[in-house]
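The listed protein sequences correspond, in order, to chains B, F, X, V, W, R, G and Z.
Here the first sequence is numbered in the working numbering, starting from 1 and rising by one per residue.
Here the second sequence is numbered in the working numbering, starting from 224 and rising by one per residue.
Here the third sequence is numbered in the working numbering, starting from 447 and rising by one per residue.
Here the fourth sequence is numbered in the working numbering, starting from 670 and rising by one per residue.
Here the fifth sequence is numbered in the working numbering, starting from 893 and rising by one per residue.
Here the sixth sequence is numbered in the working numbering, starting from 1116 and rising by one per residue.
Here the seventh sequence is numbered in the working numbering, starting from 1339 and rising by one per residue.
Here the eighth sequence is numbered in the working numbering, starting from 1562 and rising by one per residue.
Every residue, glycine too, gets a C-beta built ideally from N, C-alpha and C.
Below is one structure, written out as structure tokens; comments come after it.
8 protein chains.
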Amino acid sequence: RRCGLPEVVYAEHKTPEEVIAIVDALRERSGYALATRVKEADRPALRAAWSGVPVQEAAGAGAFLVGSPPPLVGLPPVPVVAAGTSDLPVAREAELTLRAMGQSAHRITDVGVAGLHRLLERLPELAAGRVVVVIAGMEGALPSVVAGLLPAPVVAVPTSVGYGAAFGGVAALLGMLNSCGSGVTVVNIDNGFGAALSAGRINALGGPAEPDAAAAVSPASGR
Amino acid sequence: RRCGLPEVVYAEHKTPEEVIAIVDALRERSGYALATRVKEADRPALRAAWSGVPVQEAAGAGAFLVGSPPPLVGLPPVPVVAAGTSDLPVAREAELTLRAMGQSAHRITDVGVAGLHRLLERLPELAAGRVVVVIAGMEGALPSVVAGLLPAPVVAVPTSVGYGAAFGGVAALLGMLNSCGSGVTVVNIDNGFGAALSAGRINALGGPAEPDAAAAVSPASGR
Amino acid sequence: RRCGLPEVVYAEHKTPEEVIAIVDALRERSGYALATRVKEADRPALRAAWSGVPVQEAAGAGAFLVGSPPPLVGLPPVPVVAAGTSDLPVAREAELTLRAMGQSAHRITDVGVAGLHRLLERLPELAAGRVVVVIAGMEGALPSVVAGLLPAPVVAVPTSVGYGAAFGGVAALLGMLNSCGSGVTVVNIDNGFGAALSAGRINALGGPAEPDAAAAVSPASGR
Amino acid sequence: RRCGLPEVVYAEHKTPEEVIAIVDALRERSGYALATRVKEADRPALRAAWSGVPVQEAAGAGAFLVGSPPPLVGLPPVPVVAAGTSDLPVAREAELTLRAMGQSAHRITDVGVAGLHRLLERLPELAAGRVVVVIAGMEGALPSVVAGLLPAPVVAVPTSVGYGAAFGGVAALLGMLNSCGSGVTVVNIDNGFGAALSAGRINALGGPAEPDAAAAVSPASGR
Amino acid sequence: RRCGLPEVVYAEHKTPEEVIAIVDALRERSGYALATRVKEADRPALRAAWSGVPVQEAAGAGAFLVGSPPPLVGLPPVPVVAAGTSDLPVAREAELTLRAMGQSAHRITDVGVAGLHRLLERLPELAAGRVVVVIAGMEGALPSVVAGLLPAPVVAVPTSVGYGAAFGGVAALLGMLNSCGSGVTVVNIDNGFGAALSAGRINALGGPAEPDAAAAVSPASGR
Amino acid sequence: RRCGLPEVVYAEHKTPEEVIAIVDALRERSGYALATRVKEADRPALRAAWSGVPVQEAAGAGAFLVGSPPPLVGLPPVPVVAAGTSDLPVAREAELTLRAMGQSAHRITDVGVAGLHRLLERLPELAAGRVVVVIAGMEGALPSVVAGLLPAPVVAVPTSVGYGAAFGGVAALLGMLNSCGSGVTVVNIDNGFGAALSAGRINALGGPAEPDAAAAVSPASGR
Amino acid sequence: RRCGLPEVVYAEHKTPEEVIAIVDALRERSGYALATRVKEADRPALRAAWSGVPVQEAAGAGAFLVGSPPPLVGLPPVPVVAAGTSDLPVAREAELTLRAMGQSAHRITDVGVAGLHRLLERLPELAAGRVVVVIAGMEGALPSVVAGLLPAPVVAVPTSVGYGAAFGGVAALLGMLNSCGSGVTVVNIDNGFGAALSAGRINALGGPAEPDAAAAVSPASGR
Amino acid sequence: RRCGLPEVVYAEHKTPEEVIAIVDALRERSGYALATRVKEADRPALRAAWSGVPVQEAAGAGAFLVGSPPPLVGLPPVPVVAAGTSDLPVAREAELTLRAMGQSAHRITDVGVAGLHRLLERLPELAAGRVVVVIAGMEGALPSVVAGLLPAPVVAVPTSVGYGAAFGGVAALLGMLNSCGSGVTVVNIDNGFGAALSAGRINALGGPAEPDAAAAVSPASGR
Ligand SMILES: Nc1ncnc2c1ncn2[C@@H]1O[C@H](COP(=O)(O)O)[C@@H](O)[C@H]1O
Ligand SMILES: Nc1ncnc2c1ncn2[C@@H]1O[C@H](COP(=O)(O)O)[C@@H](O)[C@H]1O
Ligand SMILES: Nc1ncnc2c1ncn2[C@@H]1O[C@H](COP(=O)(O)O)[C@@H](O)[C@H]1O
Ligand SMILES: Nc1ncnc2c1ncn2[C@@H]1O[C@H](COP(=O)(O)O)[C@@H](O)[C@H]1O
Ligand SMILES: [Mg+2]
Ligand SMILES: [Mg+2]
Ligand SMILES: [Mg+2]
Ligand SMILES: [Mg+2]
Ligand SMILES: [Mg+2]
Ligand SMILES: [Mg+2]
Ligand SMILES: [Mg+2]
Ligand SMILES: [Mg+2]
């Protein structure tokens, strides 16, 4: 919680009452809080509880940024790449986490390895990042390909998208751990939060961005 | 054994004496035999036993084509793609199996997904195949990428190349089973033999090749 | 998406709104679209949304062929073999995919390995295929047996039918990967779609069928 | 050890000295002992130690029947079916165990499911058994097929024959546990000993055989 | 289905309509049918559909014996041992299956290995069986202990009872496969049906029971 | 290393030179050191290096107690139970560790669950312990049975004894974790060292033993 | 059930009627009973059934202590450490079990390894225990750290808290089994009951506490 | 290979001849090459082949830096933390890789989580890094603890150190993926190479170091 970490609560195994109480305490202290992995069934209750507060929600992910996050610190946006539409909830969680750190994201989507030309068209946008977050399910091959095309470190997020031998994200996780593309490191399945935390820390190492790097997508406005 | 299958013996769990006896019986019947997965320690004994017979060996794979295989039947060569040098033994087993079926292979190597440009340069050679065998270890992403670039069916072979979370080829196997590239089917880890058998049968469906498709690499001449 | 692939959307991890939007876009472009793995709960909404459009549905599988698929291209039907009644949803997904490719299927069912005579009676129908799709759960032994009886390539589909040590299709998957029947390749658990895509491409290699091979079962008419 | 069990020692994790001492003690008591899973490297030492004693050895299995086993009790031989040559060591262990129980075996081999006709030719021999032991590796489909053809209980033994996704016998084990052939029960991978023990007890339930059922193969004479 | 097998349908992956249709067809032919693994949600519909027919139900297991099963054939009852109350549904499925075969069961329960004296008290009842079915979850140790106490073959059924590292019955399954108690064979997790089928066939080998062995518990009367 | 822990070095992944150097440093400080899991191949070198020093070795386990361990502290011996002869190396490692803690062990062996009477005969010896170490491989059922017979806490050690579905000790580990015998806690596979450390700490809670509890087996004298 | 065990029923696989009947029988005998792992859906029915009886409930865990447990026996409280709020249900189950044994607990929470200072502040409270129960999910590192700081034996409980590669508690379980902190033993995932049973037995070895060790938290009063 | 990657060859599945040829080609091009994971048996041959060339070897890891690597680029050293002596080979591989990138490392060792005070003493050295590589086997808890103490991104490397339920590094890998310490990303088991590559790229983002940060340990000089 110290060490410059955003103020976050992992909601999955907590009751709504517990989540609300912790978020209130964090907001008291810092003006904002980030709740991640709120269970589907608990989301309406939380939305209601926070109806009078500014809230950004990562659609499909159950992540909520409650209160006023710190102002943007002037770093270049972090490219957040989602292989397919199905991977978007994880991308949104990553974007919301970056926002909670006072940073921004640039989303690139629908660039899976089975349609390389779509990926190659977006290369300049990818190349603008100091560090890139790459999110993919099923065979999880996208980080390898991206890392082969860019000198920047790649933080890879396997997702639970898929069925059968996808084993809830294990296939993608193993693919990423075995990446023969250099400079790839990996976080837990569906862990957009952790990827953003690492990427944000890496991004900050390079100091403030040039003023024109403002093409960041605001995390909650996109789909 | 009937059904047009080449005459093969799976040697891994047999004594050298058993392998020699079965190969002799098959050669008696058909003029040739293919022994696959001969254990490292048994190879010298078999080479010695067959010193007076024409033998082609797939280096590193322990596969031996003993006697005179059927003449080439005039089909176009099957592209056999190996992601890296380490995957070559499996590629050689596939090539030797195709040869035992009276077919030929066209080898393409060192085209892993972490260096896309090398793969893209070889695209015309890949596109010449009716069916393509793609062999890769570690994250096993190559078949997905190849299948996205070609209309031909892809037979994917995961290899045991890698360490740690490669789990002896399991990571590559799962990657291939979850391929979002269309038209990919998969065989067992390191099973160049089975891939070639399927690919050869598919190749034969299209009838004889045009006369100039003769660029096939002879399986035992290459590295 | 290019390379002669049917226009498909993988619906499992998408909202109904997302599926409808993508299907609309694909139909705009090509006149039809195939949506696979629509979740049970979302099916009524999609049926309602498409009530004015020609739709074929693969019962139990959540696959929908929306709009007017391409005309039949005159290839021989692909035998699609389901070991038991429980495996039928996967068979229906395969048939619908073949239809989306302008091809047809010939369904053979209830021919599991524990009752060999039923399989042997259907051998002539199986032998009429250039390529055969074999679908089985539990121990997944059927592709091995079929491949031993036929010279055609076999595309094997493990299903999640079973319980306990079936592990959601893993037992069948492993059985098929280890098939000692030659010419078997494998796709992901329950992946009727991918099997059909490969089988359709293989079937097309042989050129148009003879006029009398018209015994194909229309995918949506059967049970 | 009581309950009619043969006198056995499981040698795999014991030193040769320990094995010899226990076998001596058992022979003292009963006139014979069965040592199973003697490590490859320890076999010569044991052969030497027992050079003056009647010994039957199951080739390749490391099983030794030392001393004079009980006389044959006049039960019908138990059919012991091995799918392929590679499975023979396990079959030999089963046969030696039956011999230690005063029973005999009838071996049937090279009847894998990829060549059904060979199996069907041997059906009368299989049908003569009260209980059948079926041994197979790789996809382990043989017990399902056999159980579908016979009313007798089938004791299935998965073997570690295979590679890659055979996972040292796990694929065969799962196949057998999921057998849709009725009347199949399963023992541990490569456990010919345990299969024989169960089969021998079942065989004994039916009382003495008719005098002409003497076609039993003596375990140590065959290959 | 032939080979003296009872007329059974595996309902888990079928619609209620499919189950009813198949059961009707089987009853037409044989006067009765056994449906196993009917899903919880489908049970009321099936009970309603069969309200006018004699039906025995294995409580908690979703197994239904519909119509008039064959008369009892005069074999001794098979001891069916359940380690704990939680294992009873599997025991009831086994008993119903035996009944469908014209045999009977003798139930022994609450005799887990952590309370040995309870097991030892029931030894005479166990010893009366020609073959014993032993059902246990969690560590699955009961079959080993029982097999050490009895000369009869033991058919072991692991159950999915437990949590955490029980892994849905895998721990019990592995325990039983590794049983150092002799004469144990194993069936799939929760497979009371398969255990009964094997046990019934074994029981039949010994011929008719003595008249006084009538202590069998009727499967549907007990808890 | 502090906290009353014996001075130990885990040798498995170290060179002999590293082990010797660390052991020397520890002996300098405390007069003795315990090295565990010395690789088979390195044992002669270490024996030679320590030829002039008092050394106790746990045969088969690669554990060495070098120098003069602390005097016996007067606690009652800890019963150390090994299910079979094959489990003895792990028992010896536990005994040597207890000795390094100034405690002693009382060994009980050959009391596997398949021969209950042998276990029941040794009950008084077991009952004399404040805490009991129980070591078993294969199905690992012994701790459950022992815990059901005694009020003392049981520290269970799964061993890698077994083959096939024993999975190197995983089956025994799972059995122990799922023990329905109360009061069982578990350590890693083959971890006699860790079991002894816990058991020794528990034993010490009860204060000095009565003078006649001196029946402890010296760890290095037994087999 | 004998051996000083509290009177407990494992409710997870039982119907509410079965649980009530067994609890009634145990209360008849001993005045109280402990029911653990009551399914979420069954809890209201049980609360209603026991509305007139003194009942303590472990919130979130489905554990109920019904009737009048034995009086406190005067032992020092057992420190029960939960790494995070999400692990509290397991801690509450442990506390209720200790209470059923006539012992008490001292709860310490929110001391995960990512915030070491919080743990170090609570060290004196931890050091007061003769034995410590440590409960953690995700990477399960807390027991290693605690064991390195204390001489007392540590009973570690992995929890199912986490997602993705937490695999329902397997990651934490493996972490604890491999603990390089000495004196750690492990129980099943989420098994607060078993941990308390062992810890209570260990605690009792040291005899009555000093009178001032009364800081125990009553299990049902805390959150 | 482009993208600023060092010139490396993965030697594990190659023959010595292949490794030498590729290293020669790379040296021709760049003046140096890094060969990783040279098999134990092949190391003498490679050492001999390169006897006339400047070579740095990572002891125990089979990594060789052949020729003259690029000069140090003036970045601050990367702290490389090894939990124990057994993890040093992986640390040395990481250090050699950093050197091949023109960077340096600062090694910190013997700071496992079971002895926290040793870690806390080294905190200032850790805090000097922009990014930290943390290497640990067994339960792999160290990265979580380190990440909780530092704001820098942590690249975690699980090692195969351990036995039994360490499963060749899987336990450590899972622990690291589930790290509740923020800012941790993970690479494959034993992959010191990949960790260094990522860490080096991250380190470079911050630009040149202050002149006094020269305390780097030369990778090949230390043990
Ligand atoms: N490398 C291999 N991988 C898989 N199957 C093989 C291989 N080599 C041979 N086979 C199969 O094994 C059969 C021969 O088995 P066997 O009779 O035991 O030698 C052949 O008919 C092939 O189907
Ligand atoms: N049932 C399915 N199984 C596997 N892949 C599928 C399936 N349905 C569609 N796909 C693949 O998913 C792609 C579409 O993915 P998406 O853009 O996420 O809808 C298609 O091009 C297919 O290659
Ligand atoms: N190959 C084997 N597989 C499984 N169990 C065996 C085997 N050989 C012997 N056994 C069992 O191991 C027991 C002897 O174990 P031990 O006393 O350690 O030699 C015998 O009573 C058998 O039940
Ligand atoms: N120890 C290693 N672990 C993982 N990847 C490696 C390792 N060493 C080299 N590589 C990768 O393997 C590639 C070289 O592969 P190859 O051409 O087969 O030698 C390099 O570019 C690296 O990306
Ligand atoms: Mg992907
Ligand atoms: Mg690859
Ligand atoms: Mg099947
Ligand atoms: Mg087989
Ligand atoms: Mg049990
Ligand atoms: Mg045991
Ligand atoms: Mg934790
Ligand atoms: Mg560690």
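Beta carbon proximity, residue i to chain Z, threshold 7 Å
i, result
"B/R130", "yes"
Span of the beta strand (DSSP E) around residue i
i, result
"G/G1405", "1401-1405"
"X/E503", "501-504"
"R/T1300", "1299-1301"
"X/A479", "478-482"
"Z/V1707", "No beta strand (DSSP E) holds Z/V1707; the alpha helix (DSSP H) holding it covers 1703-1710."
"X/D454", "Position check: residue 454 of chain X holds Val in this sequence, whereas Asp was assumed. Residues 454-456."
Chain X within 7 Å of residue i, Cβ atoms only
i, result
"W/N1080", "yes"
Residues of its chain near residue i, where Cβ-Cβ distance is below 7 Å and the 5 sequence neighbours each way are ignored
i, result
"V/P685", "D711, A714, L715"
"F/P294", "G325"
"V/L819", "L795, A796, V801"
"X/N637", "V603"
Spatial neighbours of residue i in its chain, beta-carbon cut-off 8 Å, leaving aside the 5 residues before and after
i, result
"F/E263", "G285"
Min CB distance residue i to chain R below 7 Å
i, result
"G/S1478", "Going by the sequence as given, residue 1478 of chain G is Gly instead of Ser. It does not; no Cβ of chain R falls within 7 Å."
"Z/S1612", "no"
Element boundaries [alpha helix (DSSP H), containing residue i]
i, result
"V/A751", "Unbroken run through V/A751 is the beta strand (DSSP E), 747-751; no alpha helix (DSSP H)."
"G/P1496", "It is not in any alpha helix (DSSP H) - G/P1496 instead sits in the beta strand (DSSP E) that spans 1492-1496."
"W/A1087", "1084-1097"
"W/H1009", "1008-1013"
"Z/R1660", "1649-1661"
"B/V111", "Per DSSP, B/V111 belongs to no alpha helix (DSSP H) and is neither H nor E."
"Z/V1722", "Unbroken run through Z/V1722: none, as it is neither H nor E."
Short CB-CB distance (under 7 Å) between residue i and chain G
i, result
"R/G1321", "yes"
"W/S922", "no"
Sequence-distant residues of its chain with Cβ nearer than 6 Å to residue i (five each side left out)
i, result
"B/G140", "P158, A172, G175, M176"
- Along the stretch 151-185 of chain B, what residues have a CB closer than 7 Å to any CB found in chain X? Cβ contacts with chain X: V161, Y163, G164, A165.
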